[in-house]
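Colleague:
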Amino acid sequence: MALTLYRLLKWLLAPVIFVVMLVRVLRGREDRDLFHERLGQPEAPRPAGPLLWVHGASVGEVVSHLPVIQKIREARPELHLLLTTGTATGRKMLERRAPGLPGSGQALMQYAPIDTARAAEGFFAHWRPDASVIMESEFWPELLVRAPKPVLLNGRISDRSWPKYRKFTWFFRPLLKHFVAVLAQREEDAKRLKALGATNVQVGGNLKFDAQPLPVDDALIEKFRTVLQGRPVLVAASTHAGEEERVADLHRQLVDAVPDLLTVIVPRHPHRGTQAANAALRATKAVKRRGLGEMPTLGGPRHTEIYVADTLGELGLWYRLASCAIIGGSLERIGGHNPLEPLKLGIPTLCGPHMFNFMDMVPALLQRGLLVQEKSDQAIFNTLKQWLTDPAARTAQSAKLLQEMPTFGGSSTLAAAVVLAQLPPAPRL
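Adding 434 to a residue's 1-based position in the sequence shown gives its number in our numbering.
Following this line, the structure appears as structure tokens:
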């Protein structure tokens with residue numbers, strides 16, 4: 435009944451869905467050259483032997499499942515992997531990280547098919563995976579009902595989403611029963627997933643704590659360090675509309691106390707580079723853009739105060755150059771982005787009041803003083819000023835992060851064991 439209604443609604447909304455997808459392609463939100471993969475028309479051949487399909491929506495989920503895949507490959511080096519994501523940033527991350535996985539099996543990367551019967555059927559008819567891994571809350575009906583032995587890892591239902599899910603329990607109950615095993619992030623997530631119809635649910639912890647630090651090109655980081663000449667760097671990462679203006683205002687205030695300060699604004703969506711740069715120009719004319727191939731300069735007529743990093747897959751670079759960081763999506767009511775990425779690198783990090791998408795981790799981080807949360811721009815300014823003008827305070831916070839952040843890990847071991855149990859036995863040598 436639920437799937438029938440879902441298909442009926444998709445049929446009725448087909449013209450709208452077509453226009454939305456067309457706009458996404460035209461705006462660069464979809465990979466035009468590989469859009470056939472989204473239609474369930476893969477080109478790469480399926481390798482012979484066992485194949486595990488692992489799907490994560492975007493960058494955060496991709497980074498989360500890599501430690502699990504690492505452990506699975508250590509146990510089953512011959513296993514082939516099919517790694518999918520729904521975004522260009524997620525695909526770029528896979529292309530950078532997957533080649534480093536251990537083992538002799540192939541690691542194939544694809545865009546996940548859009549959730550239509552034809553695309554899903556084409557995807558599974560071609561790849562024929564032996565088992566499936568789905569991250570967090572990617573409950574796409576057409577994919578889920580066809581996925582063989584699906585396991586949900588890092589399962590979560592956020593506080594914000596829970597009321598909406600609860601209203602449609604009748605819809606989710608038959609879908610979530612398809613999961614053969616569910617590992618929830620928290621006890622509260624486990625209760626919610628059970629209420630929605632999931633079975634074989636246990637608390638597995640948050641896999642994001644096990645994720646490796648974001649990668650970086652060593653030659654590129656040395657190039658930027660040479661250009662920066664040791665100047666202090668404030669990184670505002672994964673910002674959204676309305677946040678760039680506020681960060682630029684903070685920079686304008688901070689530069690009085692920190693004259694050589696470079697503020698790097700990293701838009702969550704690189705196609706917003708022009709918009710982010712225009713917002714920064716309201717505070718200072720000394721703005722340059724990474725997306726235009728420009729480099730920041732120190733001193734002289736081309737001195738740079740704000741640098742807009744509107745490129746894909748370079749967040750690991752900006753965090754490693756940072757003296758301190760602000761988590762985007764938390765100044766405006768977006769819900770925040772992953773605070774673990776800078777914290778694991780020992781970067782003193784603060785967020786604004788809106789971190790409701792990460793309540794599975796934020797309370798513990800705040801309680802141990804690893805993440806700082808401020809409710810107002812004035813409080814944010816005060817904390818940033820302290821870090822940027824007091825090297826001893828900044829160094830102490832960095833040392834604390836490097837010592838305590840590793841104590842949160844360990845969830846990937848259980849997750850790997852659960853997934854391995856769904857695979858066919860390894861071939862005898």
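All C-beta atoms in this analysis are idealised placements derived from N, C-alpha and C, irrespective of residue type, glycine included.
None of these values were measured; they are calculated from a predicted model.
Out of Gly-734, Pro-693, Met-729, Ser-492, which one is the CA nearest neighbour of Asn-772?
Modeller: Within the sequence shown, residue 772 is the residue found at index 338, counting from 1. Out of Gly-734, Pro-693, Met-729, Ser-492, the CA that lies nearest to the CA of Asn-772 is found in Ser-492.
Colleague: Compute the distance between the beta-carbons of Ala-532 and Ala-541, then report whether it is under 7 angstroms.
Modeller: Indexing the sequence shown from 1 puts residue 532 at position 98. Indexing the sequence shown from 1 puts residue 541 at position 107. Yes, they are a contact pair.
Colleague: Please state the DSSP three-state secondary structure of Arg-716.
Modeller: Taking the sequence shown and counting its residues from 1, the one referred to as residue 716 is at position 282. Looking at Arg-716 - three-state DSSP - the assignment turns out to be coil, as it is neither helix nor strand.
Colleague: Give the DSSP-derived three-state secondary structure of Pro-666 in the structure shown.
Modeller: Residue 666 sits at position 232 when you count from the first residue of the sequence shown. Looking at Pro-666 - three-state DSSP - the assignment turns out to be coil, as it is neither helix nor strand.
Colleague: My assumption, with CB atoms under 8 angstroms, is that Met-789 sits in contact with Gln-807. Please give the rounded CB distance.
Modeller: For the purposes of this step, residue 789 is taken as the residue at position 355 of the sequence shown. For the purposes of this step, residue 807 is taken as the residue at position 373 of the sequence shown. With a Cβ gap of about 7 angstroms, Met-789 and Gln-807 count as contacting.
Colleague: Using a Cβ-Cβ cutoff of less than 7 angstroms, which residues in the same chain neighbour Pro-582 once the five nearest sequence positions on both sides are dropped?
Modeller: Taking the first residue of the sequence shown as position 1, residue 582 is located at position 148. So the list reads Pro-563, Asp-564, Ala-565, Ser-566, once near-sequence residues are dropped.
Colleague: What whole-angstrom Cβ distance do Leu-641 and Val-502 have, given they're in contact under 8 angstroms?
Modeller: The sequence position of residue 641 within the sequence shown is 207, counting from 1. The sequence position of residue 502 within the sequence shown is 68, counting from 1. 6 angstroms between Cβ atoms; contact.
Colleague: What does the alpha-carbon distance come out to for the pair Glu-576 and Val-450?
Modeller: For the purposes of this step, residue 576 is taken as residue 142 along the sequence shown, with counting starting at 1. For the purposes of this step, residue 450 is taken as residue 16 along the sequence shown, with counting starting at 1. Those two C-alpha atoms are separated by around 19 angstroms.
Colleague: Less than 7 angstroms separating the beta-carbons of Ile-591 and Arg-626?
Modeller: For the purposes of this step, residue 591 is identified with residue 157 of the sequence shown, where counting begins at 1. For the purposes of this step, residue 626 is identified with residue 192 of the sequence shown, where counting begins at 1. Less than 7 angstroms separates the beta-carbon of Ile-591 from that of Arg-626.
Colleague: Could you name each continuous alpha helix (DSSP H) segment of 4 residues or more that falls completely within the region 511-555, going from the start of the chain to the end?
Modeller: 522-531
Colleague: Going by the C-beta, is Phe-815 closer than 6 angstroms to any heavy atom of the ligand ATP?
Modeller: Looking at this structure, you won't find the ligand ATP or any other ligand, since it has none at all.
Colleague: Between Glu-679 and the rest of its own chain, which residues show a CB-CB distance below 7 angstroms, the 5 nearest in sequence each way excluded?
Modeller: The residue labelled residue 679 in the question sits at position 245 within the sequence shown. For Glu-679, where only same-chain residues beyond five positions count, the Cβ hits under 7 angstroms are Ala-713, Arg-716.
Colleague: Quick one: which unbroken beta strand (DSSP E) runs of 3-plus residues sit fully inside the region 547-610? Chain order, please.
Modeller: 565-569, 584-589
Colleague: Quick one: measure Cβ to Cβ for Ala-436 and Leu-609, integer angstroms, because I've assumed they're closer than 8 angstroms.
Modeller: For the purposes of this step, residue 436 is taken as the residue at position 2 of the sequence shown. For the purposes of this step, residue 609 is taken as the residue at position 175 of the sequence shown. 7 angstroms between Cβ atoms; contact.
Colleague: So the beta strand (DSSP E) Leu-641 belongs to, where does it begin and stop?
Modeller: As a first step, residue 641 must be located in the sequence shown, where it is residue number 207. Where Leu-641 is concerned, there is no enclosing beta strand (DSSP E), given that its DSSP letter is neither H nor E.
Colleague: Check Gln-619 in the structure and name its three-state DSSP category.
Modeller: Sequence index remark: in the sequence shown, residue 619 carries index 185 (1-based). Three-state DSSP puts Gln-619 in coil, outside helix and strand.
Colleague: Does the region 474-481 come close enough to the region 441-456 to have 3 or more Cβ pairs within less than 8 angstroms?
Modeller: These segments do not touch.
Colleague: Kindly indicate the opening and closing residues of the beta strand (DSSP E) around Ala-743.
Modeller: Position 309 of the sequence shown, counted from the first residue, corresponds to residue 743. Element bounds for Ala-743: n/a, residue is neither H nor E.
Colleague: For the region 469-478 and the region 821-839, state whether three or more C-beta atom pairs, one from each stretch, are separated by less than 8 angstroms.
Modeller: no
Colleague: What number of angstroms, rounded off, separates the C-alpha of Glu-728 from the C-alpha of Thr-745?
Modeller: Walking along the sequence shown from the start, residue 728 turns up at place 294. Walking along the sequence shown from the start, residue 745 turns up at place 311. Glu-728 and Thr-745: Cα-Cα distance of roughly 12 angstroms.
Colleague: Under 8 angstroms by Cβ, that's how I've got Leu-696 and Thr-738 pegged, so tell me the actual separation to the nearest angstrom.
Modeller: By 1-based counting over the sequence shown, the position of residue 696 is 262. By 1-based counting over the sequence shown, the position of residue 738 is 304. Yes, Leu-696 and Thr-738 are in contact; Cβ-Cβ is about 6 angstroms, under 8 angstroms.
Colleague: Quick one: any contact between the region 814-822 and the region 755-772, if contact means 3 or more CB pairs under 8 angstroms?
Modeller: yes
Colleague: Might you give, ordered along the chain, the residues of its own chain that have their beta carbon closer than 6 angstroms to the beta carbon of Ala-850, omitting 5 neighbours on each side?
Modeller: Counted from its first residue, the sequence shown places residue 850 at position 416. Excluding positions up to five away in sequence, the list reads Val-502, Lys-505, Ile-506.
Colleague: On the CB-based measure, 16 or more other CB atoms within 10 Å of its CB, does Lys-526 come out buried or exposed?
Modeller: Indexing the sequence shown from 1 puts residue 526 at position 92. It counts as buried.
Colleague: Just the C-alpha distance for Ser-907 and Thr-817, rounded to the nearest angstrom, thanks.
Modeller: There is simply no residue 907 to check, as the chain begins at 435 and stops at 863 in what is shown.
Colleague: Is the beta carbon of Val-496 closer than 7 angstroms to that of Thr-519?
Modeller: Position 85 of the sequence shown, counted from the first residue, corresponds to residue 519. Position 62 of the sequence shown, counted from the first residue, corresponds to residue 496. Result yes, Cβ atoms of Thr-519 and Val-496 sit closer than 7 angstroms.
Colleague: Give the straight-line distance between the Cα atoms of Pro-730 and Phe-469, rounded to the nearest whole angstrom.
Modeller: Within the sequence shown, the letter at position 296 stands for residue 730. Within the sequence shown, the letter at position 35 stands for residue 469. When rounded, the distance between both Cα atoms is 35 angstroms.
Colleague: With a CB to CB cut of under 8 angstroms and the five nearest residues on each side skipped, what residues in its chain are close to Asp-683?
Modeller: Start at 1 with the first residue of the sequence shown, and residue 683 comes out as number 249. Excluding its 5 nearest sequence neighbours in each direction, Asp-683 has C-beta neighbours in its own chain below 8 angstroms: Ala-717, Asp-811, listed in chain order.
Colleague: Run the CB neighbour count on Val-796, radius 10 Å, all protein chains shown included, and call it buried at 16 or more, exposed below.
Modeller: Within the sequence shown, numbered from 1, the residue matching residue 796 stands at position 362. Around the CB of Val-796, 16 or more other CB atoms lie within 10 Å, so the residue is classed as buried.
Colleague: Do you know how far the Cα of Arg-862 is from the Cα of Leu-749?
Modeller: Taking the sequence shown and counting its residues from 1, one reaches residue 749 at position 315. Taking the sequence shown and counting its residues from 1, one reaches residue 862 at position 428. Approximately 43 angstroms, taken between the alpha carbons.
Colleague: Who does Ala-671 pair with in a DSSP beta bridge?
Modeller: Along the sequence shown, one-based indexing puts residue 671 at 237. Note: Ala-671 sits in a beta bridge opposite Val-700, Ile-761.
Colleague: What residue range is occupied by the uninterrupted alpha helix (DSSP H) comprising Thr-823?
Modeller: Taking the first residue of the sequence shown as position 1, residue 823 is located at position 389. 811-823 is the extent of the alpha helix (DSSP H) around Thr-823.
Colleague: Quick check: Gln-663 and Leu-732, are their CB atoms within less than 7 angstroms of each other?
Modeller: Taking the first residue of the sequence shown as position 1, residue 663 is located at position 229. Taking the first residue of the sequence shown as position 1, residue 732 is located at position 298. Closer than 7 angstroms, so yes.
Colleague: Can you check the region 439-508 for any alpha helix (DSSP H) of at least 4 residues that lies completely inside it and give the ranges in chain order?
Modeller: 448-460, 469-472
Colleague: Does the separation of the CB atoms of Gly-762 and Thr-708 fall below 7 angstroms?
Modeller: One-based indexing of the sequence shown puts residue 762 at position 328. One-based indexing of the sequence shown puts residue 708 at position 274. The answer is no: Cβ separation not under 7 angstroms.
Colleague: With DSSP run on the structure shown, which of helix, strand or coil describes Leu-784?
Modeller: Here residue 784 corresponds to residue number 350 of the sequence shown, with the count starting at 1. Strand at Leu-784.
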